[in-house]
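One structure below.
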Amino acid sequence: MLRYALTRLLSLSLSLIAASIAIFAAIEVIPGDPAAYMLGLNAAPETVAALRDELGLSGSVWARYLDWASGLATGDFGISYTYRVPVADLVAQRLAVSLPLAAYALALSTAIALPVGLWAAARRGRGADLGIMAATQLGIAVPNFWFAMLLVLVFAVKLRWVSAGGFPGWEAGLGPGIKALTLPAVALALPQAAILARVMRSALIETLGQDYIRSARAKGLSRAQALRRHAFRNALIPVLTILGLQFSFLLAGAIIIENVFFLPGLGRLIFQAITQRDLIVVESVVMLLVFAVILVTFLVDLAYAAVDPRLRRR
Numbered sequence: 001m002l003r004y005a006l007t008r009l010l011s012l013s014l015s016l017i018a019a020s021i022a023i024f025a026a027i028e029v030i031p032g033d034p035a036a037y038m039l040g041l042n043a044a045p046e047t048v049a050a051l052r053d054e055l056g057l058s059g060s061v062w063a064r065y066l067d068w069a070s071g072l073a074t075g076d077f078g079i080s081y082t083y084r085v086p087v088a089d090l091v092a093q094r095l096a097v098s099l100p101l102a103a104y105a106l107a108l109s110t111a112i113a114l115p116v117g118l119w120a121a122a123r124r125g126r127g128a129d130l131g132i133m134a135a136t137q138l139g140i141a142v143p144n145f146w147f148a149m150l151l152v153l154v155f156a157v158k159l160r161w162v163s164a165g166g167f168p169g170w171e172a173g174l175g176p177g178i179k180a181l182t183l184p185a186v187a188l189a190l191p192q193a194a195i196l197a198r199v200m201r202s203a204l205i206e207t208l209g210q211d212y213i214r215s216a217r218a219k220g221l222s223r224a225q226a227l228r229r230h231a232f233r234n235a236l237i238p239v240l241t242i243l244g245l246q247f248s249f250l251l252a253g254a255i256i257i258e259n260v261f262f263l264p265g266l267g268r269l270i271f272q273a274i275t276q277r278d279l280i281v282v283e284s285v286v287m288l289l290v291f292a293v294i295l296v297t298f299l300v301d302l303a304y305a306a307v308d309p310r311l312r313r314r
């Protein structure tokens, strides 16, 4: 298991290096000069040049990449061009919202999807299964931003159970913070739960034709009992894949939801940094999200090996 983990860690480390080069190169080809953007169209060339020197934009491309990459390795993400504060401080503030939101949404989607998928697989072809499949198809088809606005209309505007948006900060207490994140988490979780439930159902149904399931049924177990006791673990491999992808999506892809609910998260930070041409923030946050995806992939690979020991020998 240790050798398998080290092999996967080396592979993912190389992916991280390649991603850093690709991200830096992509940001470099974006037209426009951040210094000129900050000073305005009428700024004198010498003033723009001085600001470029101050922001560290006047060196060679490779020198700036190595400086940026070495800073990332030590936790120094640089200074924001717009806010004039360390990028690491901005990211830490926004992660305090985005990370709990992603975890909350993932917990909701998992709590909904796994029992629903198991129930649908146990009743394959019956009315309950057809109803669940129709509901999950609707959940996949409906855009989450439209669903988010519907939740605001019903629970914030009509019923007035929660506020329409904003975040009070964790210093206001755990209860108010969780309450502010509930509607955004539900808006993110339900479409993901629909996908996960369908994957869970398909994986469980696929196991029904396996010899060990037929043996269990021959011993007197019902389909539902055989699925719960014997098939569930083997069906977890595709489910773990989707869970890993979903967490990465929920952390990195909540830009629209954070803007709908006015949440000060990473997605909103990226949106603001792009509009303000704060390239150091864009580079650092995107790299952080790539690292999160790679880390989740590594953890999912370890979970694969724990669920199916045969994978450790590959």
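Take UniProt numbering: the last position of the sequence shown gets the number 314, and nothing is skipped along the way. For glycine and all other residues, C-beta sits at the position ideal for the given N, C-alpha and C.
Which residues does DSSP pair with residue i in a beta bridge?
| i | result |
| --- | --- |
| I79 | P86 |
Would you please state the rounded distance, in angstroms, between the beta carbons of residue i and residue j? I believe it to be under 8 angstroms.
| i | j | result |
| --- | --- | --- |
| S109 | Q276 | That pair is no contact at about 33 angstroms. |
| I255 | F271 | 6 angstroms |
| P184 | L266 | Not confirmed; about 13 angstroms, so no contact. |
| W161 | F155 | 5 angstroms |
| I213 | L12 | Wrong, their Cβ atoms sit about 34 angstroms apart, outside the cutoff. |
| R94 | L269 | 5 angstroms |
| L10 | Y104 | With 8 angstroms as the limit, L10 and Y104 do not qualify as a contact, their Cβ atoms being about 33 angstroms apart. |
Secondary structure at residue i, three-state DSSP: helix, strand or coil?
| i | result |
| --- | --- |
| R160 | coil |
| K179 | helix |
| residue 326 | Residue 326 lies beyond the stretch modelled for the chain, which goes from 1 to 314, so this question has no answer here. |
| A44 | coil |
| V186 | helix |
| A172 | helix |
| P264 | coil |
| F167 | coil |
| D278 | coil |
| A254 | coil |
I'd like to know whether the C-beta of residue i is nearer than 9 angstroms to at least one C-beta of chain D.
| i | result |
| --- | --- |
| P168 | Going by chain labels, chain D is absent from the structure shown, which holds only one protein chain. |
Could you tell me if the beta carbon of residue i falls within a distance shorter than 8 angstroms of some heavy atom in the ligand ATP?
| i | result |
| --- | --- |
| V281 | By its list of ligands, the structure shown contains no ligand whatsoever, and the ligand ATP lies outside what it can speak to. |
Next on the checklist: Just to confirm the assignment: which complete alpha helix (DSSP H) runs, minimum length 4, are found wholly within the stretch 204–234?
Outcome noted: 211–218, 223–226
Item to check | alpha helix (DSSP H) runs contained entirely in the stretch 59–145, provided each spans 4 or more residues | outcome: 61–73, 87–122, 127–141
Next on the checklist: Within 8 angstroms, do at least three Cβ pairs link the stretch 168–187 to the stretch 143–152?
Outcome noted: yes
Checklist entry - Three or more C-beta pairs closer than 8 angstroms, one from the stretch 285–305 and one from the stretch 197–216: is that the case here? => result no
Checklist entry - On the three-pair Cβ rule with 8 angstroms, is the stretch 129–136 touching the stretch 212–220? => result no
Checklist entry - Within the chosen definition, does the stretch 192–199 reach the stretch 110–125 through at least 3 CB pairs nearer than 8 angstroms? => result yes
Checklist entry - Are the stretch 76–86 and the stretch 168–177 in contact at 8 angstroms, needing three or more beta carbon pairs? => result no
Item to check | Any 3 or more C-beta pairs closer than 8 angstroms across the stretch 278–292 and the stretch 229–243 | outcome: no
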